[in-house]
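Undergrad:
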Amino acid sequence: MSGHGSPIPMVSHPVRGLSGVAEVPGDKSISHRSLILGALAVGETRITGLLEGEDVLDTAGAMRAFGAEVVDHGGGAWSVHGVGVGGFAEPEAVIDCGNSGTGVRLIMGAMATSPITVTFTGDASLNSRPMARVTDPLALFGARSVGRRGGRLPMTIVGAADPVPVRYEVPVPSAQVKSAVLLAGLNAPGRTVVIEREATRDHTERMLAGFGAEISVEETAEGRVITLTGRPELRPQAIVVPRDPSSAAFPVCAALIVPGSDVLVPGIGLNPTRAGLFDTLCDMGADLSFENRRDEGGEPVADLRARYSPDMRGIEVPPERAASMIDEYPVLSVVAANARGVTMMRGVGELRVKESDRIDAMATGLRANGVTVDAGEDWWSVEGLGAGGVPGGATCASHLDHRIAMSFMVMGLGAQAPVAIDDGAPIATSFPVFEPLMAGLGARIERRGA
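Under the UniProt record's numbering, think of the first position of the sequence shown as 1, with each following residue one higher.
(1) Please tell me whether Val353 and Pro130 are closer than 8 Å, where the distance is taken between their beta carbons.
(2) Helix, strand or coil: how does DSSP classify Tyr329 here?
(3) Can you tell me whether Thr204 is buried or exposed? The criterion is at least 16 other CB atoms within 10 Å of its CB, across all chains shown.
(4) With a threshold of 8 Å, are at least 3 pairs of Cβ atoms found where one atom belongs to the region 9-25 and the other to the region 234-254?
(5) Is it buried or exposed, Cys282, if we count other Cβ atoms within 10 angstroms and call 16 or more buried?
(6) DSSP puts Val410 in a beta bridge; with which residues?
(7) Beta carbon of residue 455, beta carbon of Ala132: below 8 Å?
(8) My output table needs one value for Gly17: the three-state DSSP class, helix, strand or coil.
(9) Given 8 Å as the limit, is there contact between the region 329-340 and the region 182-200, that is, 3 or more CB pairs closer than that?
(10) What span of residues does the alpha helix (DSSP H) with Glu205 cover, start to end?
(11) Would the region 294-304 and the region 368-375 be scored as touching if the rule is three or more Cβ pairs under 8 Å?
(12) Looking only at its chain, what residues have a beta carbon closer than 7 Å to the beta carbon of His13, apart from the 5 residues adjacent to it on each side?
(13) DSSP three-state label for Pro310, please.
(14) Which same chain residues, not among the five before or five after Ser2, have their C-beta less than 7 Å away from its C-beta?
(15) Could you check the C-alpha separation between Val265 and Ala439 for me, to the nearest Å?
(16) Buried or exposed for Asp295, please, with buried defined as at least 16 other CB atoms from any protein chain shown within 10 angstroms of its CB.
(17) Would you check if the region 49-59 and the region 82-100 touch, i.e. whether three or more CB-CB distances between them fall below 8 Å?
(18) Decide if His73 is buried, meaning its Cβ has at least 16 other Cβ atoms within 10 Å, or exposed.
(19) Are at least three pairs of beta-carbons, each pair with one atom in the region 165-175 and one in the region 117-131, less than 8 Å apart?
(20) Taking the C-alpha atoms as reference points, what is the distance between Val11 and Val390?
(21) Short of 6 Å in beta carbon distance, which residues of its chain neighbour Gln416, apart from the five on each side in sequence? Order them along the chain.
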């Protein structure tokens, strides 16, 4: 059952010839950070193209609870009147972050070095996810946390009254952990240093610099060293949110596996720390082209065209690419099922602690639909059946996970028989216009019982 309402069973039917323009929503990662940094700036930050999915709306609500004035002007245009670094007020109620791991972890970081006490909760999926990976480094600043067994929500964090700067090496590639530490470092004196051995999405570093923070990034023998000088006065910004490459993955991958398809997805963010899926699809032989390359708001952007690609082949995905496409492995596995040969994905243990155990969720659903899958703790492989070779016909569990739900809906479009899911309600957390957008391209995705 969805954390935001009753389950919505859905079924995806085989179709031919997806075509048109897919205007996917704004980038979720940048939307979260725009609201949080806007709340920490002094003055009015104006945002256009904000993703208005439930995850981001929950973050907007949290910023209001901390004292920022957050206004929805309609059409994806928002403004945030910030309270300044160290200016967060103590919320009067529990902060409910819904389904969003990114939202809760970044917000924890942003408040951890202010002398306030905050209790966080979420839906059933979020409350099952481990938080120690964030609360452990936040404790180094002086913050204290008390949660359920295993470091899970609901959790109360007591912010540090006298924070100290931290030098922290991220133990596993995680943009959420890195960003939480950097946001905490904003209100700590001196310099906070984060070291990551594998580069992860760098939106936080880019945006901190844009808001006027003193931040540097250096490539060294020990890894990528990010140094932030604490207690800046952040300047408000005008932010244009590029379209989300993680959301674009679904119409793009659908076009690749549905005969006769030609789909254009305009204005997609192509930050190199996020574009691993598109590199991988090209390696598999997908017919992708990048048109009108440009730079918007410090982020590389292009219009992406995807055409039906019946001759794709399985590959070994470079493990070092995992951080740049971790959210896209579920839908990549659907493409892999329609390629020839085995696609091997290694170094992906992070998938087991997302909104669901995504390796297990996808492996179970793929097998139910006639695809051979093998898996270990941090790897999995899919044996492709070739273009149009997936039998389909099964109902899959979405496990309260928006990306699992959408991946199986994509699979049904190119399978031999319809594919169903038990609950499509979580899709609204990141891609609230998924159904009408896909229908506009020619997809046939229906709500059962509607």
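We treat Cβ as the ideally placed atom computed from N, Cα and C, and that holds for glycine.
TA: The answer reads as follows:
(1) For the purposes of this step, residue 353 is taken as the residue at position 353 of the sequence shown. For the purposes of this step, residue 130 is taken as the residue at position 130 of the sequence shown. The answer is yes: Cβ separation under 8 Å.
(2) By 1-based counting over the sequence shown, the position of residue 329 is 329. Reduced to three states, the DSSP call for Tyr329 is helix.
(3) On the sequence shown, position 204 is the one that residue 204 refers to. The residue in question, Thr204, is buried, as its Cβ has 16 or more Cβ neighbours within 10 Å.
(4) The way I'd put it, the region 9-25 does touch the region 234-254; three or more beta-carbon pairs between them come closer than 8 Å.
(5) Taking the first residue of the sequence shown as 1, we reach residue 282 at position 282. With fewer than 16 other Cβ atoms within 10 Å, it is exposed.
(6) On the sequence shown, residue 410 is found 410 positions in, with the first residue counted as 1. BP columns for Val410 are empty, so no partner.
(7) Lying outside 1 to 450, the shown extent of the chain, residue 455 is not represented and no answer is given.
(8) The sequence position of residue 17 within the sequence shown is 17, counting from 1. Under the three-state reduction of DSSP output, Gly17 falls in the coil class, being neither helix nor strand.
(9) Under the Cβ criterion (8 Å, minimum of three pairs), the region 329-340 does not count as touching the region 182-200.
(10) Looking up residue 205 in the sequence shown gives position 205. Membership of Glu205 in the alpha helix (DSSP H) is indicated by the continuous run 203-210.
(11) By the Cβ test, the region 294-304 is not in contact with the region 368-375, since fewer than three Cβ pairs between them sit closer than 8 Å.
(12) Within the sequence shown, the letter at position 13 stands for residue 13. So the qualifying residues of the chain are Gly412, Pro418, Arg444.
(13) Residue numbering aside, residue 310 sits at position 310 when the sequence shown is read from its first letter. Coil.
(14) Indexing the sequence shown from 1 puts residue 2 at position 2. Bear in mind that the predicted position of Ser2 carries a pLDDT of just 39, short of 50, making it too unreliable to give a figure here.
(15) By one-based count along the sequence shown, residue 265 stands at place 265. By one-based count along the sequence shown, residue 439 stands at place 439. Taking the straight line joining both Cα atoms gives about 15 Å.
(16) Counted from its first residue, the sequence shown places residue 295 at position 295. An exposed status is given to Asp295, since fewer than 16 other beta-carbon atoms sit within 10 Å of its beta-carbon.
(17) The region 82-100 is in contact with the region 49-59.
(18) If you number the sequence shown from 1, residue 73 lands on position 73. His73 is exposed by the Cβ-count criterion.
(19) Because the criterion of three Cβ pairs below 8 Å is not met, the region 165-175 and the region 117-131 do not touch.
(20) Position 11 of the sequence shown, counted from the first residue, corresponds to residue 11. Position 390 of the sequence shown, counted from the first residue, corresponds to residue 390. Cα to Cα, Val11 sits roughly 16 Å from Val390.
(21) Here residue 416 refers to the residue found at position 416 of the sequence shown. So the list reads Pro391, Gly392, once near-sequence residues are dropped.
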